[in-house]
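Asker:
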Amino acid sequence: DLGRPSASRSPTASQKRGSENTFPCAAVEVKNEPVLGFTPGSAERNELQKALDGLKGKTEEIPCVVGDEHVWTEDVRYQLSPFNHSHKVAKFCYADEALINRAIMASVAARKEWDLTPVQDRAQVLFKAADLLSGPKRAEVLAKTMIGQGKTVVQAEIDAAAELIDFFRFNAKHAVELEDQQPLDADGSTNTMLYRGLEGFVAAVSPFNFTAIGGNLAGTPALMGNVVLWKPSDAAVSASYVVYRALRASGLPPNVIQFLPADGPVFGDAVTASEHLAGVNFTGSFPTFKRLWKQVAQNVDSYRTFPRLAGECGGKNFHFVHKSAHVESVVKGTVRSAFEYGGQKCSACSRMYVPDSLWPLIRDQLLDIHRQLKVGDSFARIKKWLDRAKTSSTLKVVAGGNYDDSKGYFVEPTIIETTDPRDAIMSEEIFGPVLAVYVYPENDYKEVLQLIDSTSPFALTGAVFALDK
Ligand code: NAD
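503 is the number that my numbering gives to position 455 of the sequence shown; each next residue is one higher, with no gaps.
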């Protein structure tokens, strides 16, 4: 709870300017959204079950939205349920270059009025959207995240409800409080800092794996007074549209966020070619962000401003196990991190370094739990790693290794031991339920720490298991 008593606040920019604004949001206390239990018989479970039943066999039609207009291009696409790809979850269309350019011009035209809207009013949109998602829209956004992105109820709840609601509430509160950060006045002079949006539009490009990330990438720049073109992932269109509609239903004016499913490169090419590009707010893979960055650099002479680039990219997250580690923590932490949501989290553990003295014990316990795991979903990219492991002389499949795409995209949680710590399986992101293990002589741990640091360009997350501080 980051709420501070309003009495302790210094004068805000508008108070200094003599505005009549009373800053109702600044005193709002925000708390982390509770993660609901969905126990049998609970109200939330019944509502979710109803929402899931309502989606069975249904295909929702989702247009591109520019301003208030629902637009259909001829390039029609489908979002398939990853665990049952005969179920078309959504029918949508790709925005083409002309539509993207139309959206850019409509956004830029709406920019000034939105930017001049007091931050308290902009924040109210996010507070209301958070309330909608926390209440009447919770079951819908969860059900669409489960069916469309292949999440369990727990994984959907911590993403599409808890995290997204927290993003909206905390960001709105912080945006309002930011206005309190003001330079000091001096004798005879009044100094005011004005926080304002970028002069142009922000392109928000979101990944398939988190509903919350799409809402945040598009919603937060809008909160700060920007106009946004939001390109959701093809594999998350259904839940993303719920979030977009929640924002609109909460008072977000038309043209502040344009909802534009599109082919990735077509969207990237169009937005980076526009002189009005002011920012890219991206989460996704390393190669995609590099491509966008290069295009921005190539076009830098043609922009009206210097576009701000923010990218959250991939990882090759490690677990380093020291000989003093608590084995049960290692085993449970590793199974959850590597295999939850089919290993499709940017923070999923994907490589592990284990001392030789502990490996037999850790391996046996991992295999015990592995036998009880139910197979989830994910596919083609991962298949090639499993095929490779079966033929390589330095890789050994210790558990799992099978896959099947006859009904949905199913990959067995897999543990692969490698004798070559520089093998690509230790350095490249797989984004699936595959854990690579390198067993090291227990006293060589200092060299192994160097090895971890120098093996992969990624530095997103990692964990150290040791009792010896
Ligand atoms: P991706 O890079 O394939 O796609 C991300 C988005 O970029 C999608 O909307 C896609 O359509 C779009 N895109 C593709 N090519 C484009 C182009 N040329 N121009 C503009 N947009 C383009 O990533 P993904 O498979 O959807 O998501 C998984 C990746 O995201 C993993 O690498 C994961 O680590 C990363 N991720 C990181 C975080 C983090 O917080 N660091 C969080 C979630 C996911």
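Every residue, glycine too, gets a C-beta built ideally from N, C-alpha and C. These figures come from a predicted structure and were not determined experimentally.
Helix, strand or coil for Ser440? Go by DSSP, reduced to three states.
Answerer: Along the sequence shown, one-based indexing puts residue 440 at 392. If DSSP states are grouped into helix, strand and coil, Ser440 belongs with coil.
Asker: With a threshold of 6 Å on Cβ separation, who are the neighbours of Ser322 within its own chain once the five nearest residues in sequence on each side are excluded?
Answerer: Taking the sequence shown and counting its residues from 1, the one referred to as residue 322 is at position 274. Ile152.
Asker: Under the rule that 16 or more other beta-carbon atoms within 10 Å means buried, what is Cys73, buried or exposed?
Answerer: Taking the sequence shown and counting its residues from 1, the one referred to as residue 73 is at position 25. Interpretation of Cys73 is limited by its pLDDT of 46, a score under 50 that renders its predicted location unreliable; the figure taken from the coordinates is listed afterwards. Buried, since its Cβ has 16 or more Cβ neighbours within 10 Å.
Asker: Count the other CB atoms, across all protein chains shown, that sit within 10 Å of the CB of Gln420; report buried if there are 16 or more and exposed otherwise.
Answerer: Numbered from its first residue, the sequence shown carries residue 420 at position 372. So Gln420 counts as exposed.
Asker: Do you know whose CA, among Glu161, Pro313, Asn303 and Pro335, lies nearest Glu117's CA?
Answerer: The residue you call residue 117 lines up with position 69 of the sequence shown. When only C-alpha atoms are compared, the closest one is Asn303.
Asker: Using alpha carbons as the reference points, say which of Pro301, Leu174, Ser504 and Asp435 lies closest to Ala223.
Answerer: In the sequence shown, residue 223 corresponds to position 175, counting from 1. Ala223 has its Cα closest to that of Leu174, out of Pro301, Leu174, Ser504 and Asp435.
Asker: Just mark Pro313 as buried or exposed, buried being the case when its beta carbon has 16 or more other beta carbons within 10 Å.
Answerer: For the purposes of this step, residue 313 is taken as residue 265 along the sequence shown, with counting starting at 1. Under this definition Pro313 is an exposed residue.
Asker: Determine, using beta carbons only, whether Asn132 and Lys455 come nearer to each other than 9 Å.
Answerer: Looking up residue 132 in the sequence shown gives position 84. Looking up residue 455 in the sequence shown gives position 407. Contact: yes.
Asker: Within the present structure, is the beta-carbon of Phe140 separated from the nearest heavy atom of ligand 1 by less than 8 Å?
Answerer: Here residue 140 corresponds to residue number 92 of the sequence shown, with the count starting at 1. Because no heavy atom of ligand 1 lies under 8 Å away, the Cβ of Phe140 does not count as near it: no.
Asker: Where does Gly391 fall in DSSP's three states?
Answerer: Here residue 391 refers to the residue found at position 343 of the sequence shown. Gly391 falls in the helix class under three-state DSSP.
Asker: Which of the three DSSP states is assigned to Met400 in this structure?
Answerer: On the sequence shown, position 352 is the one that residue 400 refers to. Strand at Met400.
Asker: Using only the heavy atoms of ligand 1, determine whether one of them is closer than 8 Å to the beta carbon of Pro313.
Answerer: Position 265 of the sequence shown, counting from 1, holds the residue named residue 313. Yes, since a heavy atom of ligand 1 falls inside the 8 Å radius drawn around the Cβ of Pro313.
Asker: By how many angstroms is the C-alpha of Ala283 removed from the C-alpha of Phe86?
Answerer: Walking along the sequence shown from the start, residue 86 turns up at place 38. Walking along the sequence shown from the start, residue 283 turns up at place 235. Those two C-alpha atoms are separated by around 25 Å.
Asker: For a test of your reading of the model: does the CB of Arg125 fall under 8 Å from any non-hydrogen atom of ligand 1? Yes or no.
Answerer: In the sequence shown, the residue the question calls residue 125 occupies position 77. Result no, Cβ not under 8 Å from ligand 1.
Asker: Should Asp501 go down as buried or exposed, given a rule of 16 or more other Cβ atoms within 10 Å for buried?
Answerer: Within the sequence shown, residue 501 is the residue found at index 453, counting from 1. By the 10 Å Cβ count, Asp501 comes out exposed.
Asker: I believe Gln197 touches Phe256 by the beta-carbon criterion, under 8 Å. Please report the beta-carbon distance rounded to the nearest angstrom.
Answerer: On the sequence shown, position 149 is the one that residue 197 refers to. On the sequence shown, position 208 is the one that residue 256 refers to. 6 Å between Cβ atoms; contact.
Asker: Within the chosen definition, does the stretch 357-372 reach the stretch 397-411 through at least 3 CB pairs nearer than 8 Å?
Answerer: A contact exists between the stretch 357-372 and the stretch 397-411.
Asker: Would you identify the three-state DSSP class for Val445, choosing helix, strand or coil?
Answerer: For the purposes of this step, residue 445 is identified with residue 397 of the sequence shown, where counting begins at 1. The answer is strand: DSSP assigns Val445 an E or B state.
Asker: Mapping the DSSP letters down to three states, classify Gln172 as helix, strand or coil.
Answerer: Within the sequence shown, the letter at position 124 stands for residue 172. Helix at Gln172.
Asker: Comparing C-alpha positions only, which one of Arg339, Leu415, Pro469 and Glu188 sits nearest to Glu376?
Answerer: Locating residue 376 in the sequence shown gives position 328, where the first residue counts as 1. Per the Cα distances, Leu415.
Asker: With a threshold of 8 Å, establish whether the CB of Ile261 neighbours any heavy atom of ligand 1.
Answerer: Locating residue 261 in the sequence shown gives position 213, counting from the first residue. Yes; taking the cut-off as 8 Å, the Cβ of Ile261 has a heavy atom of ligand 1 nearer than that.
Asker: Excluding the five sequence neighbours on either side, which residues of its own chain have a C-beta within less than 7 Å of the C-beta of Arg93, listed in chain order?
Answerer: Residue numbering aside, residue 93 sits at position 45 when the sequence shown is read from its first letter. Same-chain partners within the cutoff: Phe86 and Thr87.
Asker: My assumption, with CB atoms under 8 Å, is that Phe497 sits in contact with Thr382. Please give the rounded CB distance.
Answerer: In the sequence shown, counting from the first residue as 1, residue 497 sits at position 449. In the sequence shown, counting from the first residue as 1, residue 382 sits at position 334. First, the residue type needs correcting, since residue 497 is Leu and not Phe in the sequence shown. That belief does not hold up - the Cβ atoms of Leu497 and Thr382 are roughly 18 Å apart, past 8 Å.
Asker: If you draw a straight line from the alpha carbon of Phe307 to that of Ala171, how long is it in whole angstroms?
Answerer: Position 259 of the sequence shown, counted from the first residue, corresponds to residue 307. Position 123 of the sequence shown, counted from the first residue, corresponds to residue 171. Going from the Cα of Phe307 to the Cα of Ala171 covers about 20 Å.
Asker: With a threshold of 8 Å, establish whether the CB of Asn257 neighbours any heavy atom of ligand 1.
Answerer: Stepping through the sequence shown from its first residue, residue 257 is reached at position 209. Because some heavy atom of ligand 1 lies under 8 Å away, the Cβ of Asn257 counts as near it: yes.
Asker: Take every Cβ of the stretch 337-356, pair it with every Cβ of the stretch 239-255, and state whether three or more of those distances are shorter than 8 Å.
Answerer: Enough Cβ pairs lie closer than 8 Å, so yes.
Asker: Assuming Ala294 and Leu181 form a contact by the criterion Cβ under 8 Å, report the distance between their Cβ atoms to the nearest whole angstrom.
Answerer: Residue 294 sits at position 246 when you count from the first residue of the sequence shown. Residue 181 sits at position 133 when you count from the first residue of the sequence shown. With 8 Å as the limit, Ala294 and Leu181 qualify as a contact, their Cβ atoms being about 6 Å apart.
Asker: Taking the CB atoms as reference points, tell me whether Ile464 and Ala437 lie closer together than 9 Å.
Answerer: Position 416 of the sequence shown holds residue 464. Position 389 of the sequence shown holds residue 437. Yes, the Cβ-Cβ distance between Ile464 and Ala437 is below 9 Å.
Asker: Leaving out five residues before and five after Phe479 in sequence, what residues of the same chain have Cβ atoms less than 6 Å from its Cβ?
Answerer: Against the sequence shown, residue 479 aligns to sequence position 431. Closer than 6 Å at Cβ, skipping near neighbours: Gln392.
Asker: When burial is assigned at 16 or more other CB atoms within 10 Å of the CB, is Lys517 buried or exposed?
Answerer: Position 469 of the sequence shown holds residue 517. Burial call: exposed.
Asker: Using C-beta distances below 8 Å, list every residue in its chain close to Pro148, excluding the 5 sequence neighbours before and after it, in chain order.
Answerer: Residue numbering aside, residue 148 sits at position 100 when the sequence shown is read from its first letter. Reading off the sequence, residue 148 comes out as Ile, not Pro. Correct list, in chain order: Leu277, Leu308, Ala310, Val314, Phe315, Ala318 and Val319.
Asker: Cα separation between Phe249 and Val156?
Answerer: Stepping through the sequence shown from its first residue, residue 249 is reached at position 201. Stepping through the sequence shown from its first residue, residue 156 is reached at position 108. In a straight line, the C-alpha of Phe249 is about 6 Å away from that of Val156.
Asker: Any heavy atom of ligand 1 inside 8 Å of the beta-carbon of Thr331?
Answerer: As a first step, residue 331 must be located in the sequence shown, where it is residue number 283. Correct: Thr331 has its Cβ closer than 8 Å to ligand 1.
Asker: Should Asp207 be counted as a contact of ligand 1 given a C-beta to heavy atom distance under 8 Å?
Answerer: If you number the sequence shown from 1, residue 207 lands on position 159. Asp207: no, Cβ never under 8 Å from ligand 1.
Asker: Whole angstroms are fine: how far does the CA of His135 sit from the CA of Lys422?
Answerer: Indexing the sequence shown from 1 puts residue 422 at position 374. Indexing the sequence shown from 1 puts residue 135 at position 87. C-alpha separation (whole angstroms): 21 Å.
Asker: Can you list, in chain order, the residues of its chain whose CB lies under 8 Å from that of Ala154, leaving out five sequence neighbours each side?
Answerer: Here residue 154 is taken as the residue at index 106 of the sequence shown, counted from 1. So the qualifying residues of the chain are Val114, Gly115, Asn303 and Gln306.
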